[in-house]
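Visitor: Dropping a structure here in structure tokens format, bear with me for questions.
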Amino acid sequence: MNDSRSTPYTILPLQFSRMFSDKVLLTNEAGEFFFINPENFQELVTYKLNTSSSLFYDLKGKHLVTDTDIHPVIDLLATKYRTKMGFLRNFTVLHMVVITVRCNHKCRYCHASSEESHATQWDMNQVVAEKVVDTIFQSPSTRIKIEFQGGEPLLNWERVKYIVKYAKKINKHLKKDLSFVLCTNLTLMNEEKLNFIKKQNILISTSLDGPKDLHDNNRRLRQDGSSYDIFLKKLELTKSIIGNKGISALLTITKDSLSRIDDIIDEYVDKGFNGIFLRALNPFGYAKNNQSLGYNVGEYFRTYKKALDYIIKTNLEGTYFEEFYTTLLLSRIMTPFSTGFVDLQSPAGTGISCAVYDFNGDVYPSDEARMLGKMGIKKFLMGNVLRDEYIKIFNGDVLRELINNSCVETLPGCAWCVFQQYCGADPIRNFSTQGDITGHRPTNEFCKKNMAIIKYLFELIIENNDDVMDVFWSWITKRPLEELRNVEL
Amino acid sequence: MVEGDNMKSIITKISDEKCHISLSNKCFDKNAIYAAVYKMTDLYDVEIQPINEDEFGVTFTIKNQKDDPLFEEKMREFCNDVLDHQLRIDLDKQYGKIRELIVKHAFSPIENLKDVISKEHE
Chain A
195 MNDSRSTPYT ILPLQFSRMF SDKVLLTNEA GEFFFINPEN FQELVTYKLN TSSSLFYDLK
255 GKHLVTDTDI HPVIDLLATK YRTKMGFLRN FTVLHMVVIT VRCNHKCRYC HASSEESHAT
315 QWDMNQVVAE KVVDTIFQSP STRIKIEFQG GEPLLNWERV KYIVKYAKKI NKHLKKDLSF
375 VLCTNLTLMN EEKLNFIKKQ NILISTSLDG PKDLHDNNRR LRQDGSSYDI FLKKLELTKS
435 IIGNKGISAL LTITKDSLSR IDDIIDEYVD KGFNGIFLRA LNPFGYAKNN QSLGYNVGEY
495 FRTYKKALDY IIKTNLEGTY FEEFYTTLLL SRIMTPFSTG FVDLQSPAGT GISCAVYDFN
555 GDVYPSDEAR MLGKMGIKKF LMGNVLRDEY IKIFNGDVLR ELINNSCVET LPGCAWCVFQ
615 QYCGADPIRN FSTQGDITGH RPTNEFCKKN MAIIKYLFEL IIENNDDVMD VFWSWITKRP
675 LEELRNVEL
Chain B
2 MVEGDNMKSI ITKISDEKCH ISLSNKCFDK NAIYAAVYKM TDLYDVEIQP INEDEFGVTF
62 TIKNQKDDPL FEEKMREFCN DVLDHQLRID LDKQYGKIRE LIVKHAFSPI ENLKDVISKE
122 HE
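Chains as they are written, first to last, in the numbering used here: chain A, 195 to 683; chain B, 2 to 123.
Here it is, written out as structure tokens:
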């Protein structure tokens, strides 16, 4: 490495992979990419590229080669890399609080393995709630998001209200950017609760699995009746009080959903949602052993492709509607900005971007780790707010081991992967599905799924269809297609 | 790329379930072979052993005795993967220090970057 080189140019750090039969994809630390044909790639790595050619200038522009002094290039790439890794700057932002493990639903796939509605011993009490909030506010992050989870948090509504008020009281002095999210199935919602939610500016995250028959089949009430009918009534009530923007919904895809993906998307559009998060089934809780729910990566990927095509068509017909996972990946591929996402980042988001506080004060690096804890596997228990100091919980061996083993740059299979900068690691899932936190990439479903999706997005990017690319940019910039197309350049 | 007759000379099909590949250790770093083998471990049981002073032997056995119509094609793919991994290793020898400097400079800016680069050269 030198500024006075013996070769006509310096090849900068890059990953490469041969794909689509006649192309080689090059990517660098900053997530920039370039496709080159195999002959030119051979010339590139043997230093036979003409440094006056347009190809060389393209590669130079992407910081894959340089024929000038190297130190300004390192300076620039370091800045870009720092920007991309900006999600690390804040440490733990998302704090998920399990207000109760009780739930009035018994969903077929429930990864939280909920308890009966009347079993109040599974509720978080006030002493624990206060200590949880005290612990949360010791996070060095300037942003704090408290997400109420369950079970069904509305079953322990008084504790939700208490935490919101207590957190706001503490924050009067600390002045952090504080926000709240309530994850609820909505069925116990009423005007009084919604007025509080509106006044405290709490966002609602709910669940919708599609049309009535699909939703009712997956999301079953503990008592008889249609969960969909109640959901719909309460959704209208919620929107009438807090408006459309304060509520979003999550979809869980089961085997029955695969052939109905268009119907599901139509349902989301019809109910006024501006996007959908296509989410494969989590291999935890009830879903782990229920064969009738699951499917393989190939089946999921075919559904993803079909759904993406349908969503793009919906946008081209005039309705702004995003697929959020695609937007996340496209932002990583096509922009220089940082996009932390706890389920897909490197190092993993477990503990350093999110933490879960169980009803009894136990702290876990993710909800999946909490589920393993409930199954008796306490390997990922970071501590308990009643007995442990913040520093012991968040600077302990559990979190250090997870982070040390979830940097894609060092994981077998990931270390030389061309998609490294767009992907991430999930050590808890690796442990749950493959028996160790490192995982085995050739048999890893998480890896196969993300590889297939990212590769497909690159295929669409290469095709460079104007309509598709316009839709992608409208999602990345959060602007309606019409507005994007009318922008004067 | 490894193609045609050269390829045949290094791949020996022992049976429908077993293939042996000889790779020169003058051309290939063992880490290039390990990395290429890793990708195949979902389908095959793999043994790597030195044959003599100049060669590694890699034996692939199909897992679960299942028929694999693409067995030979995958063996050729493996040989090409070894070449690509060797290229990654060779490139990393050239720019590995640059990568380290980029990451270091990103999180803990180096004041005299130009001097550090000159020293690396010395």
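All residues carry an ideal CB built from backbone N, CA and C; glycine is no exception. It should be emphasised that the depicted structure is a prediction, and the values quoted were computed from it without experimental measurement.
#1: The alpha helix (DSSP H) with A/E677 in it runs from where to where?
#2: Report buried or exposed for A/T329, applying the criterion of at least 16 other Cβ atoms within 10 angstroms of its Cβ.
#3: Are the CB atoms of A/R414 and A/H299 nearer to each other than 8 Å?
#4: Keeping to the same chain, check which residues put their C-beta closer than 7 Å to that of A/D556; ignore five residues upstream and five downstream.
#5: Provide the residue span of the alpha helix (DSSP H) that contains A/T520, from first to last.
#6: Helix, strand or coil, according to DSSP, for A/M663 in the structure here?
#7: If you run the structure through DSSP and keep just helix, strand and coil, what is B/F19?
#8: Which first and last residues belong to the beta strand (DSSP E) in which A/R454 is found?
#9: Mind checking which residues open and close the beta strand (DSSP E) that includes A/R337?
#10: Got a sec: is the Cβ-Cβ distance from B/H86 to anything in chain A below 8 Å?
#11: What's the C-alpha gap between A/I458 and A/K573?
#12: For A/I631, would you say it is in contact with chain B, using Cβ-to-Cβ distances shorter than 8 Å as the test?
#13: Quick one: what's got a C-beta closer than 7 Å to B/D82's C-beta in the same chain, skipping five residues either side?
#14: Among the residues of its own chain, which have a CB less than 7 Å from the CB of A/V463, if the five just before and after it don't count?
#15: Taking the runs of the alpha helix (DSSP H) that are 4 residues or longer, which of them lie wholly in the region 387–420 of chain A?
#16: Specify whether the region 425–440 of chain A and the region 378–394 of chain A touch according to this definition: at least 3 beta carbon pairs, one from each stretch, less than 8 Å apart.
#17: Between the beta-carbon of A/L376 and the beta-carbon of A/I396, is there less than 8 Å?
#18: Does the structure place the region 365–384 of chain A close enough to the region 323–340 of chain A that three or more beta carbon pairs sit under 8 Å?
#19: Which chain A residues sit within Cβ distance under 8 Å of B/V104?
#20: Give a yes or no on whether the C-beta atoms belonging to A/G618 and A/A542 are separated by under 8 Å.
#21: Among A/R416, A/L651 and A/F285, whose alpha-carbon lies nearest the alpha-carbon of A/S335?
#22: Give the residues of chain A in contact with B/A37, contact being defined as C-beta atoms less than 9 Å apart.
#23: Does A/L206 come within less than 8 Å of chain B when only Cβ atoms are used?
#24: Can the beta-carbon of A/M318 be found closer than 8 Å to that of A/C548?
#25: Just the C-alpha distance for B/M2 and B/I99, rounded to the nearest angstrom, thanks.
#26: Cutting at 6 Å between CB atoms, please list the residues of its own chain near A/N644, excluding the five before and the five after it.
#27: Just tell me which of A/C301, A/L444, A/C641 and A/I230 has its CA closest to the CA of A/L538.
#28: Hey, could you find the ends of the beta strand (DSSP E) A/R635 is sitting in?
#29: Which full runs of the alpha helix (DSSP H) of 4+ residues lie inside the region 76–121 of chain B, going along the chain?
#30: Applying the 10 Å Cβ sphere with the 16-neighbour rule, what's the burial state of A/I631?
#31: What are the boundary residues of the beta strand (DSSP E) that includes A/R212?
#32: According to DSSP, simplified to helix, strand and coil, what is A/V259?
#33: Going by beta carbon distance, what residues of the same chain come within less than 7 Å of B/L114, once the five residues before and after it are set aside?
#34: Tell me the residue span of the beta strand (DSSP E) that contains A/I441.
#35: Run the CB neighbour count on A/D216, radius 10 Å, all protein chains shown included, and call it buried at 16 or more, exposed below.
#36: Straight-line CA distance for A/F374 to A/W351?
Guide: Looking at the coordinates:
#1: It spans L675 to R679 - the alpha helix (DSSP H) in which A/E677 sits, taken as one unbroken run.
#2: Looking at its Cβ environment, which holds 16 or more other Cβ atoms inside 10 Å, A/T329 is buried.
#3: Closer than 8 Å, so yes.
#4: If we look at A/D556 and ignore the five residues flanking it on each side, its Cβ neighbours are G567, L575 and N578.
#5: Counting along the chain, the unbroken alpha helix (DSSP H) around A/T520 starts and ends at F518 to M528.
#6: If DSSP states are grouped into helix, strand and coil, A/M663 belongs with the helices.
#7: Before going further, note that residue 19 of chain B is Lys rather than Phe in the sequence given. The answer is strand: DSSP assigns B/K19 an E or B state.
#8: For A/R454, there is no enclosing beta strand (DSSP E), as DSSP marks it with neither H nor E.
#9: Segment R337 to Q343, the beta strand (DSSP E) holding A/R337.
#10: So, interface residue.
#11: Cα to Cα, A/I458 sits roughly 38 Å from A/K573.
#12: Closer than 8 Å: no.
#13: A37 and K40, listed in sequence order.
#14: Closer than 7 Å at Cβ, skipping near neighbours: T508, T513 and F515.
#15: You should have 406–412.
#16: With a cut-off of 8 Å, the region 378–394 of chain A and the region 425–440 of chain A count as touching, because enough Cβ pairs lie within range.
#17: Yes, Cβ-Cβ distance for A/L376 and A/I396 is below 8 Å.
#18: The region 323–340 of chain A vs the region 365–384 of chain A: in contact.
#19: The contacting residues are E223, A272 and Y275.
#20: Cβ distance < 8 Å, so A/G618 and A/A542 count as in contact.
#21: Minimum Cα distance to A/S335 is reached at A/F285.
#22: Per Cβ cutoff of 9 Å: no residues; B/A37 is ~10 Å from chain A at best.
#23: Closer than 8 Å to some Cβ of chain B, the Cβ of A/L206 qualifies, so yes.
#24: No. Outside cutoff.
#25: Any reading at B/M2 must be qualified, since the residue scores a pLDDT of 49, below 50, and its modelled position is unreliable; the value itself is stated next. Straight-line Cα distance between these residues: approximately 28 Å.
#26: Within the same chain, A/N644 has close Cβ partners C617.
#27: Checking every option, the nearest Cα to that of A/L538 belongs to A/C641.
#28: Careful: A/R635 lies outside any beta strand (DSSP E) and carries neither H nor E.
#29: Those alpha helix (DSSP H) runs which fall completely within the region 76–121 of chain B and span 4+ residues do not exist here.
#30: Buried, because 16 or more other Cβ atoms sit within 10 Å of the Cβ of A/I631.
#31: Q209 to M213 is the extent of the beta strand (DSSP E) around A/R212.
#32: Looking at A/V259 - three-state DSSP - the assignment turns out to be strand.
#33: Excluding residues within five positions, the ones whose Cβ falls inside 7 Å are H106.
#34: Residue range I441 to L444 is occupied by the beta strand (DSSP E) that includes A/I441.
#35: Exposed: under 16 other Cβ atoms inside 10 Å.
#36: Taking the straight line from one Cα to the other gives about 14 Å.
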